[in-house]
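Q:
Residue numbers (our numbering): 35 to 439.
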C-alpha cells in the first residue's frame, strides 16, 4: 500500500478506515507504527529540550520562583486558546495533516525561545509554544488511536513510551549541552534541525483517516459525555504531577536538594527513565494484572514518591523518589486516552479534545501554582501538596465504572 493513499471514513463508524489497510503487509504496518512513534518522540524531545534548560533560563533572566511561575502561565494560556480548535481541525483536515503542521511550528517555537532577551519575549514565545503543543498533542494521539486500531493488541502505552524516552534523551542532550557551555539558542537550533529531518522522512507513513462530520449539529449547550469527563479528571490529577516534574524537578534539585553543577538534571532524568520504562512495559503489565489494579497502584506510587522527596531532600533519596513518581504516572494517561478514543458515537479527535481539555488543566495550573506556593511557603511544601493527587487517582479509579474489571 502506498503512503499517499487517502481514506475518509464513512458515517458507519470511524474505524471504517481499517478496511483499507486489511490487506497491508505486516512490515508496512510496523513502518506505520514506527512513524507514529517517531512523531511522539519528536513531540517529547521538543518539550524535554525546553524543560532541560529551564533552570538555566531562570538564572540568566534572574527570575524568582513566583516570576518563573508567572512566565510558565504563558504555556497553558496558549494551550487553552488552541483547545477549542485542535479537535475540529484534526477532524476536518485529518490528523495526518494537522500533526505535521502542529509539530513543525512547535519545533520552531522552541527555537524562538532561545532568542528571548526580555521577559516579554519569553512570555510571547511560550504562548505559541503552548498553542502548537496542544494541536500536536491532539493530532498525534488521534494517530496513535488509529494505528492501535490496525493491530490486534494494545500498543498505546508504547507510543507514550516513545514520548517519555524522548524526555530522557532530551535530559541527556541538555546535560551535554550545559557541559559544553552552549547557549540555549544553539542547543534548541541543533535539536530542532534534527527533528525537522525526522518529520520529513516519516510523515508519508501516517494513517490517512478522517472522522466523519456529524450528521446534524445540535443547537445550544450539549452536555459532555460523563465518562469522558471522569477520564479527564483522572488525567488532570496525573498531569499535575507530570507537569511539576517537567518544569520544577530541576529547580527542586538545584534549590532544595542542592545538587552540584550538572547534577541538577538528575531528578528530571530519574523521573523520565522510569516513566519511559513503565510505558514500554505498561501494555504487557495491564494485560496480566488488569487495568484497574495497575492504575490504583500507580496513584499510590505518585504520592509515595512525592512525600519521600519532601521528607528526605537528598540526592539519592530524591532521585529514587522521582523514579517512583515516574513509574506511577507512566500508564495513567495512555490508558485513559486509549479508552476515551474508542468511546462509541464520538470521533477520536473530539473525544481526546474533551479529555485533554480537563487533563491539561493539570499542566496548566500545576507548574505556575507551584511557583506561588513556593514563594509563599517553600518548594518542599508545594511538592507535598501535589503528593495528595496520587491518592485521589487511586480513589477515582476505584469508583469510575469504566475501570471495573
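For each residue, glycine too, the CB sits at the ideal point set by N, CA and C. If you're wondering where the values come from, they're calculated on a predicted model, not measured in any experiment.
If distances are taken between C-alpha atoms only, which option among 91, 155, 170, 104 comes closest to residue 72?
A: 170
Q: Hey, could you find the ends of the alpha helix (DSSP H) residue 162 is sitting in?
A: 153 to 182
Q: My assumption, with CB atoms under 8 Å, is that residue 340 sits in contact with residue 305. Please give the rounded CB distance.
A: With 8 Å as the limit, residue 340 and residue 305 do not qualify as a contact, their Cβ atoms being about 11 Å apart.
Q: Apart from the five residues on each side of it in sequence, which residues of its chain come closer than 6 Å, Cβ to Cβ, to residue 280?
A: Same-chain partners within the cutoff: 85.
Q: Go through its chain and collect everything with a Cβ distance to residue 176's Cβ below 7 Å, but skip five positions before and after it.
A: 124, 129, 382, 383, 386
Q: If you drop the 5 nearest sequence neighbours on each side, which residues of the same chain put their C-beta closer than 7 Å to that of residue 440?
A: This structure cannot settle anything about residue 440, because the visible part of the chain is limited to 35 through 439.
Q: In angstroms with no decimal places, state the Cα-to-Cα distance between residue 224 and residue 208.
A: 11 Å
Q: Can you check which of these residues, 350, 268, 198, 390, is closest to residue 294 by C-alpha distance?
A: 350
Q: Suppose the cutoff is 6 Å on Cβ atoms and the five residues either side in sequence are ignored; what does the same chain contact list for residue 136 look like?
A: 166, 169, 170, 173
Q: Find out if the Cβ-Cβ distance for the pair residue 2, residue 191 is shorter than 9 Å.
A: Because the chain is modelled from 35 through 439, residue 2 falls outside the range shown and cannot be assessed.
Q: Counting C-beta neighbours from all protein chains within 10 Å, is the total for residue 288 16 or more, i.e. buried, or is it exposed?
A: buried
Q: I'd like to know whether the C-beta atoms of residue 388 and residue 380 end up nearer to each other than 9 Å.
A: Their beta carbons are under 9 Å apart, which means residue 388 touches residue 380 by this criterion.
Q: Considering residue 71, what are the terminal residues of the alpha helix (DSSP H) in which it resides?
A: 60 to 86
Q: Under 8 Å, with one C-beta from each stretch per pair, do the region 222 to 236 and the region 101 to 111 reach the 3-pair mark?
A: no
Q: Leaving aside the five residues before and after residue 402 along the sequence, list all residues of the same chain whose C-beta is less than 6 Å from its C-beta, in chain order.
A: 103, 106, 107
Q: On the three-state DSSP scale, how would you describe residue 243?
A: strand
Q: Can you give me the C-alpha to C-alpha distance between residue 282 and residue 325, rounded to a whole angstrom?
A: Between residue 282 and residue 325, the C-alpha separation is close to 29 Å.
Q: Between residue 81 and residue 201, what straight-line distance do the alpha-carbon atoms span, to the nearest angstrom?
A: 8 Å
Q: Note down, in chain order, each residue of its chain lying with its Cβ closer than 7 Å to the Cβ of residue 255, except the 5 sequence neighbours on either side.
A: Annotation note: pLDDT 46 at residue 255 (below 50); position unreliable, no value reported.
Q: Which of helix, strand or coil does DSSP assign to residue 96?
A: coil
Q: Just the Cα atoms here: how many angstroms apart are residue 186 and residue 193?
A: 15 Å
Q: By alpha-carbon positions, which one of 373, 310, 377, 317 ends up nearest to residue 196?
A: 310
Q: To the nearest angstrom, how far is the alpha carbon of residue 320 from that of residue 328?
A: 6 Å
Q: What does the Cβ neighbour count give for residue 323, buried or exposed, with the cut at 16 atoms within 10 Å?
A: Exposed is the call here.
Q: For chain D, check one thing: does any of its Cβ atoms lie closer than 9 Å to the Cβ of residue 290?
A: Of the protein chains in this structure there is only one, and it is not chain D.
Q: Under 9 Å between the Cβ atoms of residue 285 and residue 99?
A: The answer is yes: Cβ separation under 9 Å.
Q: Alpha carbons only, please: which of 87, 273, 420 is nearest the one belonging to residue 16?
A: For residue 16 there is no data in the structure shown, the boundaries of the chain being 35 and 439.
Q: Select from 298, 332, 94 the residue whose C-alpha is nearest the C-alpha of residue 348.
A: Comparing alpha carbon positions, the residue from 298, 332, 94 closest to residue 348 is 298.
Q: Below 7 Å CB to CB, which residues in the same chain sit around residue 338 once its five sequence neighbours on both sides are set aside?
A: Excluding residues within five positions, the ones whose Cβ falls inside 7 Å are 358.
Q: Helix, strand or coil for residue 425? Go by DSSP, reduced to three states.
A: Here residue 425 sits in helix by DSSP.
Q: Which residues in the same chain as residue 222 place their Cβ atom closer than 7 Å to its Cβ, once the five residues preceding and following it in sequence are excluded?
A: 83, 144, 145, 147, 148
Q: Taking the alpha helix (DSSP H) that residue 371 falls in, what are its first and last residues?
A: 366 to 374
Q: Cutting at 7 Å between CB atoms, please list the residues of its own chain near residue 262, excluding the five before and the five after it.
A: 374, 377, 385, 388, 389
Q: Within the continuous alpha helix (DSSP H) that includes residue 348, where are the two ends?
A: That residue, residue 348, is in no alpha helix (DSSP H); it is neither H nor E in DSSP.
Q: Would you mind reading off the limits of the alpha helix (DSSP H) that contains residue 302?
A: 300 to 323
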